[in-house]
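Let me begin by presenting the structure, written as structure tokens, before commenting on it.
There are 2 protein chains.
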Amino acid sequence: MNKRYETFIAQSKKIFVLYSANGVLGWDHEVYMPANGAALRAEQQSVLSGIAHELKTNPEYIQIIQELLNDKTLNEAEKCNVRETWKGIDRSRKFSKEFVENLSRVISESFSAWHQAKTENKFEIFAPHLEKLVEIKKEEAKIVGYKNHPYDALIDEYEPGATVEKLDILFKDVKEQLVDFTKQIFAKPKPNDAFFFGEFPHEAQHDFCKQLVTEMGYDFNCGRMDVAPHPFCIGFSPLDTRITYRYKTSDLSEIIWSITHEGGHALYEQGMNPEYIGLPAGSAVSLAIHESQSRLWENNVSRSKEYWQHYMPVLQKYFPGKLDQVSGIDFYQACNKVEPSFIRTNADELTYHFHIMIRYGIEKQLMEGSISVNDLPKIWNESYKNYLGIEVPSDSMGCLQDVHWAHGSIGYFPTYSLGSFYAAQFFDAAKRDIPSLKEDMGKGKFNGLREWLRANIHQHGMIFTADELCKRVSGESLNFSHFMKYAKEKYAEIYSL
Amino acid sequence: MNKRYETFIAQSKKIFVLYSANGVLGWDHEVYMPANGAALRAEQQSVLSGIAHELKTNPEYIQIIQELLNDKTLNEAEKCNVRETWKGIDRSRKFSKEFVENLSRVISESFSAWHQAKTENKFEIFAPHLEKLVEIKKEEAKIVGYKNHPYDALIDEYEPGATVEKLDILFKDVKEQLVDFTKQIFAKPKPNDAFFFGEFPHEAQHDFCKQLVTEMGYDFNCGRMDVAPHPFCIGFSPLDTRITYRYKTSDLSEIIWSITHEGGHALYEQGMNPEYIGLPAGSAVSLAIHESQSRLWENNVSRSKEYWQHYMPVLQKYFPGKLDQVSGIDFYQACNKVEPSFIRTNADELTYHFHIMIRYGIEKQLMEGSISVNDLPKIWNESYKNYLGIEVPSDSMGCLQDVHWAHGSIGYFPTYSLGSFYAAQFFDAAKRDIPSLKEDMGKGKFNGLREWLRANIHQHGMIFTADELCKRVSGESLNFSHFMKYAKEKYAEIYSL
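Protein chains in written order, with our numbering: chain B, 853 to 1349; chain G, 853 to 1349.
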């Protein structure tokens, strides 16, 4: 037995237990906490974070980790636990207390200003705060360090290994291949989706969606599904991973793909190796890989023809008499309607990536200093005109729509696109390994796919990097052609191209 | 500004924040946690308790408190905060680590044994564990110290100031006055309560009960109401105090008086002085006073004639066509049906106290050593025969029915009766101070009563002892005659005695 490693694990588990308790408080905050509970909740979360931070920066703990970094007797998972724990601590200990407090204050002020700016459609309210944030984020990049581009230091927090060099190539592909392809789609008549709108009781929506995630393999003994203002998935551990949804009784499309999306995230969390609960070897490798799991179930699975050929009769039973005239093919085509839109979160799975491409370009240039914050609305609106052919009617529906920048998150957006592209590549690999995959989907059988994901992705936690994982699963690094092939095959058929 | 007092408050608040976070985890455990979340939840709660305990027993903190005990510049509330905090710490620091660990282990084993014993109706499975517990509790009493009776040291944890001397007098009154009175009732025909049973949809039950507690004054901005296996109230702070209920769609009586009971507890928690959140001056003075608030709303208010004269038409609207033939008087009489029963938690408000009297006698004698654990079933069954005239059919429905002893709680039961007796006395005082009280209740107006309770009881937290509070409110110490008068007036009318 390695005594030093055991001491490291005991302390790491205690830190995890505190963060997971904070997670429960956060879940309650989003889902059930009464309005006036907010002040105490903020204190509770701050006290728990503070205690966890103290434990994380305890000099003895740090020394043990540093000694373990050179321990040749550890196995791969153990090495991963030491390496990744150290990476997190090493990044955060680079920042002075003053820097952290200043960042936290600027974010807090930015968030309020953004909220007001969006409500009143006045970019000038948010602009000075965003300028400050950009300056601090440049400083953060300097403190963290980078080889080629300051943006690399920021995206590394969300997607270790991603760089401007790689993203530039990727979004060049998006621009050259996807823009043209969607223009062909825009020219064609759109599928009818009028049947999404009507009167659909909440209870039946809930029950149908519960069936969908249960049949995906989501385990309700290790989770639950609640209504919340924003859909999310939170994993306290593989044994307690919860999802939320929102719904409109007037619009069936609000809930369905959101629940399969969150269900995909949850399968990743529930599929972690129970031996490493709360440790890096039992944690998600990156945001993009996490997003690949949600997108795979949302798009590759639950927006497929086979899926709706199976689930259409099921759906009809939940809403007697309401969807009798709608076929599985009708439903499949409707949920794959492609059209330009202003709001990222409402976009279809193709034009979605233009929204990300535009944000990525802006973030990169802000960090380079090649554009200024004041030019942002102009650049935003021109980009939407260029790539989506639409005139943005207001900054609230334009560059003020997303909260990320106000939260200080620069470098986060690209992980959304990366997730979809990984999903397409993983799905191709799954089809190669499971010849009956499409056929199984048409029967509502997802065991094979779920176990394949568990064995090839979930259970590895952070043992491999995102790139290593991708190579192991698919034989190559991330390659946009998988997504493009998926898009072309699917949409050429739907739109008779 | 008193710097020392401020340091004390800062540390005390941090301890409170940790316990309140633990409260949220406990609530989630009871209400929404998926089954497999239990193991991590136990770790979370144990880590948080451990950290809070460390802070509580920090020598610097203890020293500051000891210094503040002699600080003459503090006001009454501040003195209360220091005094009561010290009392809690002083009690717990008397126990050695070995004692605490041993107690915790014995309780843990007892609980499993009790559960099995109750399920299989085998007292002999539980007996050896209860023997161990009784021995440890005797040791606890010795460690804590007492003047007259070892039981005094135990009940003091739940009801400071209560003693065997006082309880003996009280339960002698119960025996001499209440037993005879209920015998007269048993001889009379019972009111019809058949209309409680039928088919009552959950949603309507929920909505009706939500209206009841809202009109009592429960603030849903500072709380919520959920389904749970056991009804309870938990106050994280006056700004977030939650209640739970259980229901049967076949039996309307399962939910109603349970919700007004928990609502009464919740009004106490929500009514604490917000200046002293998490401090003794903003905390319940004792279990009996807490119970007085629940019993007052459950019995004196929501089992009154006026209450059902007002709410019967409201109830009828929630269940169209189901209760049209039932008058307010019918409902009032039905919910005051008095009859012998085996199970404490199902008992009416009169025979309830025989259940407590029997348990009190047994607990006291076990602590004296004047009876042995093995005699318990015999003594129990004889007592039920004596006071309630019924033959206990099995130990599962007899001395194994309650969890308290298995949890190591000896001295807890009497607070239930004390609560009812305080409630009657407080309600008399409220009638004296609010001449229109009964009339208001008949109109569904509870503002006056609630504000009276807030001003006279809730807002004082632990500033006064239970006895001091009782004298301030009613002019005298706890006096059983108020309960007896209430019982006689009410039941003489219902039963035409």
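All residues carry an ideal CB built from backbone N, CA and C; glycine is no exception.
- Could you tell me whether the Cβ atoms of residue 1264(B) and residue 1256(B) are closer together than 8 Å? Indexing the first sequence from 1 puts residue 1264(B) at position 412. Indexing the first sequence from 1 puts residue 1256(B) at position 404. Yes, Cβ-Cβ distance for residue 1264(B) and residue 1256(B) is below 8 Å.
- Item | Contact between the region 867-884 of chain G and the region 1085-1100 of chain G (3+ Cβ pairs under 8 Å) | Flag = yes, the region 867-884 of chain G and the region 1085-1100 of chain G touch.
- Message: With three or more beta-carbon pairs closer than 8 Å as the criterion, would you say the region 915-923 of chain B touches the region 853-872 of chain B?
- Response: Yes, the region 915-923 of chain B touches the region 853-872 of chain B.
- Message: Considering only their Cβ atoms, is the gap separating residue 1250(B) from residue 1238(B) smaller than 8 Å?
- Response: Position 386 of the first sequence, counted from the start, is the residue given in the question as residue 1238(B). Position 398 of the first sequence, counted from the start, is the residue given in the question as residue 1250(B). Contact: no.
- Do you know offhand how far residue 1209(B)'s Cα is from residue 1226(B)'s? On the first sequence, position 357 is the one that residue 1209(B) refers to. On the first sequence, position 374 is the one that residue 1226(B) refers to. In this structure, the alpha-carbon of residue 1209(B) lies about 20 Å from that of residue 1226(B).
- For residue 976(G) and residue 939(B), the rounded distance between their alpha carbons: Walking along the first sequence from the start, residue 939(B) turns up at place 87. Walking along the second sequence from the start, residue 976(G) turns up at place 124. If I take the Cα positions, the gap works out to 57 Å.
- Hey, out of 1004(G), 1113(G), 1068(G), 1064(G), whose CA is closest to residue 1085(G)'s CA? Stepping through the second sequence from its first residue, residue 1085(G) is reached at position 233. Its Cα nearest to that of residue 1085(G), the residue 1113(G) stands out among 1004(G), 1113(G), 1068(G), 1064(G).
- Query: If you measure beta-carbon to beta-carbon, which residues of the region 883-899 of chain B are closer than 9 Å to chain G?
  - Reply: The residues in question are 883, 884, 885, 886, 887, 888, 889, 890, 891, 892, 893, 895, 896, 897, 898, 899.
- Just by C-beta distance, which residues in the region 1122-1154 of chain G are closer than 8 Å to chain B? Per Cβ criterion, the list reads 1129.
- Item | Partner residues on chain B for residue 873(G), Cβ-Cβ distance less than 7 Å | Walking along the second sequence from the start, residue 873(G) turns up at place 21. Those are 873, 877, 896, 900, listed as they occur along chain B.
- According to DSSP, which residues form a beta bridge with residue 823(G)? An answer regarding residue 823(G) cannot be provided, because it is not within the stretch 853 to 1349 covered by chain G.
- Task: Starting from residue 869(B), find everything on chain G with Cβ-Cβ shorter than 7 Å and list it in chain order.
- Result: Here residue 869(B) corresponds to residue number 17 of the first sequence, with the count starting at 1. In chain order: 895, 896, 899.
- Query: Smallest Cα separation from residue 1117(G): which of 1341(G), 891(G), 1068(G)?
  - Reply: As a position in the second sequence, residue 1117(G) is number 265, starting the count at 1. In terms of CA proximity to residue 1117(G), 1068(G) leads the group 1341(G), 891(G), 1068(G).
- Using the C-alpha atoms, what's the distance from residue 1155(G) back to residue 1070(G)? Your numbering for residue 1070(G) matches position 218 in the second sequence. Your numbering for residue 1155(G) matches position 303 in the second sequence. The alpha-carbon atoms of residue 1070(G) and residue 1155(G) are separated by roughly 18 Å.
- Message: 8 Å is my cut-off, CB to CB: does residue 1038(B) come that close to chain G?
- Response: Here residue 1038(B) is taken as the residue at index 186 of the first sequence, counted from 1. Not closer than 8 Å to any Cβ of chain G, the Cβ of residue 1038(B) fails to qualify, so no.
- Message: Taking the alpha carbon of residue 1187(B) as the reference point, which residue from 1103(B), 1134(B), 1139(B) has its own alpha carbon closest?
- Response: Position 335 of the first sequence, counted from the start, is the residue given in the question as residue 1187(B). The candidate whose alpha carbon is nearest that of residue 1187(B) is 1103(B).
- Run down chain B in chain order and give the residues with a C-beta less than 8 Å from the C-beta of residue 1119(G). For the purposes of this step, residue 1119(G) is taken as residue 267 along the second sequence, with counting starting at 1. Within 8 Å Cβ-Cβ: nothing; residue 1119(G) doesn't reach chain B, min ~15 Å.
- Query: Going by Cα to Cα distance, which pick from 1301(G), 1231(G), 1334(G) is closest to residue 1218(G)?
  - Reply: Walking along the second sequence from the start, residue 1218(G) turns up at place 366. Ranked by Cα distance from residue 1218(G), the first of 1301(G), 1231(G), 1334(G) is 1231(G).
- Message: Which of the three DSSP states is assigned to residue 1077(G) in this structure?
- Response: The count along the second sequence starts at 1 and reaches residue 1077(G) at position 225. It is a strand residue.
- Message: Just to confirm before moving on: does the CB-CB distance between residue 1326(G) and residue 1273(G) stay below 8 Å?
- Response: One-based indexing of the second sequence puts residue 1326(G) at position 474. One-based indexing of the second sequence puts residue 1273(G) at position 421. No, the Cβ-Cβ distance between residue 1326(G) and residue 1273(G) is not below 8 Å.
- Quick one, are the C-beta atoms of residue 1202(B) and residue 1030(B) less than 8 Å apart? The residue you call residue 1202(B) lines up with position 350 of the first sequence. The residue you call residue 1030(B) lines up with position 178 of the first sequence. Taking 8 Å as the cut-off, the Cβ atoms of residue 1202(B) and residue 1030(B) count as close.
- Query: Unbroken alpha helix (DSSP H) runs of length 4 or more, entirely within the region 1146-1178 of chain G: which are they?
  - Reply: Within the region 1146-1178 of chain G, the alpha helix (DSSP H) runs of at least 4 residues that lie entirely inside it are, in chain order, 1157-1170.
- Query: So which residues of chain B does residue 1072(G) contact, with C-beta pairs closer than 8 Å?
  - Reply: Working through the second sequence from its first residue, we reach residue 1072(G) at position 220. 886, listed in chain order.
- Locate the alpha helix (DSSP H) running through residue 957(B), then write down its first and last residues. Here residue 957(B) refers to the residue found at position 105 when the first sequence is read from its first residue. DSSP places residue 957(B) inside the alpha helix (DSSP H), whose first and last residues are 949-972.
- Query: Based on Cα-Cα distance, which residue from 1040(G), 1204(G), 890(G), 1152(G) lies nearest to residue 1266(G)?
  - Reply: Within the second sequence, residue 1266(G) is the residue found at index 414, counting from 1. Nearest option by C-alpha distance: 1204(G).
- Task: Compare the Cα-Cα distances from residue 1259(B) to each of 1182(B), 896(B), 989(B) and report the closest residue.
- Result: Looking up residue 1259(B) in the first sequence gives position 407. It is 989(B).
- Query: So, is the C-beta of residue 1092(B) closer than 8 Å to a C-beta in chain G?
  - Reply: As a first step, residue 1092(B) must be located in the first sequence, where it is residue number 240. True, the Cβ-Cβ gap to chain G drops below 8 Å.
- Opening and closing residue of the beta strand (DSSP E) in which residue 1092(B) lies: What you label residue 1092(B) is simply residue 240 of the first sequence in a count that begins at 1. 1092-1097 is the span of the beta strand (DSSP E), which, as asked, contains residue 1092(B).
- Query: So the alpha helix (DSSP H) residue 1086(G) belongs to, where does it begin and stop?
  - Reply: Taking the second sequence and counting its residues from 1, one reaches residue 1086(G) at position 234. That residue, residue 1086(G), is in no alpha helix (DSSP H); its beta strand (DSSP E) goes 1085-1089.
- Once you ignore the five residues that flank residue 1179(G) on each side, which residues in its own chain have a CB closer than 8 Å to its CB? Mapped onto the second sequence, residue 1179(G) falls at position 327. 1164.
- Query: Could you give the distance in angstroms between the alpha-carbon of residue 1002(B) and the alpha-carbon of residue 1216(B)?
  - Reply: Position 150 of the first sequence, counted from the first residue, corresponds to residue 1002(B). Position 364 of the first sequence, counted from the first residue, corresponds to residue 1216(B). Looking at the backbone, the Cα of residue 1002(B) and that of residue 1216(B) are separated by about 8 Å.
- Message: Helix, strand or coil, according to DSSP, for residue 1103(G) in the structure here?
- Response: Indexing the second sequence from 1 puts residue 1103(G) at position 251. Under the three-state reduction of DSSP, residue 1103(G) is assigned to strand.
- Does the beta carbon of residue 860(B) come closer than 8 Å to any beta carbon on chain G? Position 8 of the first sequence holds residue 860(B). Judged by the 8 Å Cβ criterion, residue 860(B) is not in contact with chain G.
- What number of angstroms, rounded off, separates the C-alpha of residue 1240(G) from the C-alpha of residue 1008(G)? The residue labelled residue 1240(G) in the question sits at position 388 within the second sequence. The residue labelled residue 1008(G) in the question sits at position 156 within the second sequence. Going by the C-alpha atoms only, they are around 29 Å apart.
- residue 1160(B) versus residue 1293(B): straight-line alpha-carbon distance, rounded: Counting from one through the first sequence, the residue named residue 1160(B) turns up at place 308. Counting from one through the first sequence, the residue named residue 1293(B) turns up at place 441. Straight-line Cα distance between these residues: approximately 9 Å.
- Message: Could you tell me the alpha carbon to alpha carbon distance between residue 909(B) and residue 1310(G), rounded to whole angstroms?
- Response: Sequence index remark: in the first sequence, residue 909(B) carries index 57 (1-based). Sequence index remark: in the second sequence, residue 1310(G) carries index 458 (1-based). A straight-line Cα-Cα distance of about 43 Å links residue 909(B) and residue 1310(G).
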